[in-house]
Every structure is written in structure tokens, then in C-alpha cells.
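Heads up: the sequence shown is residues -20 to -1, 1 to 226, going by mature numbering (1 follows the signal peptide of the UniProt record, and there is no 0). What follows is one structure encoded as C-alpha cells, with my remarks underneath.
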Amino acid sequence: MMRFFLVIAFGLLISCNAFNKALTAQDIIDKAIAAHCSGNCEKSTITFTFRGKTYKSIKNGGTYEYERIITKGDKTIRDVLSNTGFERYVNDSLQNIKKNIAVKISNSVNSVHYFAQLPYGLNSPAVKKELLGEANINGKPYYEIGVTFKKDGGGTDFEDKFVYWINKNDFSLGYLAYSYAVNGGGIRFREAYNKRIINGITFLDYNNYKPEMLDLDLKDLDKLFQEGKLELLSKIETENVEVILN
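Now the structure itself:
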């Protein structure tokens, strides 16, 4: 009988240890993507307006197509970034674009889609994730996830660094910070707001802040934010969001 109870106790101990196993950065990002996407991000057509331009993404499993559509008078410019590369069309006529300009436009198109659909995209093969710790922001608990990029597949901005604050209770994205090198470099901190769920996919807008100094650890920006020491630069707002599930 004693042996029976020992076996039961040992089994319960193993079960408890497995249940209480600490989450890794990968676990947390997986749960965040699941919470934001409900399994729909990989099979969706999303359109939205950002700063007067129309953006459209079509994703179907491993294939994707990101568009930016600009109307100027009687001209419609379509910048299309996909698995096969970049193309620009003017009134449906394919244009011959210099490589350096194509790279610049591609980065711009990709950046808007990337931020609009976070945290989807954080499981890209070029993304490196690290659990930095935990934090409490305005009374809510968060995991701090550091993100960097591999040079191979990380694009021209592979040296950029990010920190994401993921809510410990519901795995929603609350805040993010990043440093970038282009145009002289800089640091930004974004506060998510205006959460809405459209066809199972979560969309967020952001208050966009900057610190006074650049010599800062991204992890410390949440403290500066709570102390009111960040300057509000702009609002990052996506409008007229529509989602069709493919």
C-alpha cells in the first residue's frame, strides 16, 4: 500500500512540475500569435488604410503578397512585395525600378504590414527571440521578449533590435520598443490601444514615443514611460480594416 501511494505521489509531482514548467520565449510568442490570430493570420486577405495609403496583404499558407496602393490623379501605383520579390505597377503596367529604389520601397511596404499585424511575423525564420524577464506596467504583469534578426533573411534592417511586452494573463501585446540605425538612428516606444477583433484577428493602434537620449537599454523604456519621461511623437493608426478569410 505504501508503495502504491509513493507511486501516486511521484506521478503527481511530475505532473505538477510539467504544469508549472517555465515558458520559453518561443512558447510566449506562440501563445501571443494564437491569441491575436485565432489561427486565421496564415489564411487571410487584409486591407487597411494608413496615412492616406491603402495596404493589402494576401496570405495563404507559406505564400504571401504585401501591397501598397497609392492613387495620384489618374495614376494608380501598386507596390507589390511577395515570396518572389518586388514589383511596381503604374496603371497595371509593370515598371523597371532600380535595385536600390526597389529595396527602399520594399522595406517601407514590409514595415507597415509588419507593425500592423504584430505579433504575427515573429516566428519568421530570421527572428531570434529571448526571454529577458518580467515587468509590471500600470498594474499589469508582462513578459519581456527581446527580438533580434539573423543577417541571412533579416533584410537590410537586420541590426534593428526590439523588445515586446506580452501580457502574462491573456498573451496580448501591450507595448513594444525598438532601436533602428537608418537616418541617423533612433529609439521608439509604442503603447498599444484601440484593440479590435475583426474576423478573429486582433488589430491595434499605437501611441509612438521617443526618449530624450539614445544611450538607453530598450528594457528600461517601460519605466521611463510610467514616469512620464517619454515624448509623444505621433499616433500609429490603421483605419478601414477589412479581413476576408481565405
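Every residue gets a Cβ at the ideal spot worked out from N, C-alpha and C, and that includes glycine. Bear in mind the structure is a predicted one, so any value in this text is a computation, not a measurement.
- Collapsing the DSSP output to three states places L74 in a strand.
- Under the three-pair Cβ rule at 8 Å, the region 154 to 172 does not count as touching the region 100 to 110.
- DSSP places N90 in the uninterrupted alpha helix (DSSP H) bounded by K79 to A96.
- In summary, A106 is exposed, with fewer than 16 beta-carbon neighbours lying within 10 Å of its beta-carbon over all protein chains present.
- With contacts defined by Cβ atoms closer than 8 Å, K39 and S24 form a contacting pair.
- Among the bridge pairs identified by DSSP, T34 is matched with T29 and I49.
- The continuous beta strand (DSSP E) containing L212 extends over residues E211 to I216.
- The beta carbon of N118 lies closer than 7 Å to those of Q206 in the same chain, with the five residues before and after it left out.
- For the 8 Å CB-CB criterion, N188 and L213 form a contact.
- Look at E139 here: in three-state DSSP terms it is coil, with no helix or strand label.
- Look at A12 here: in three-state DSSP terms it is helix.
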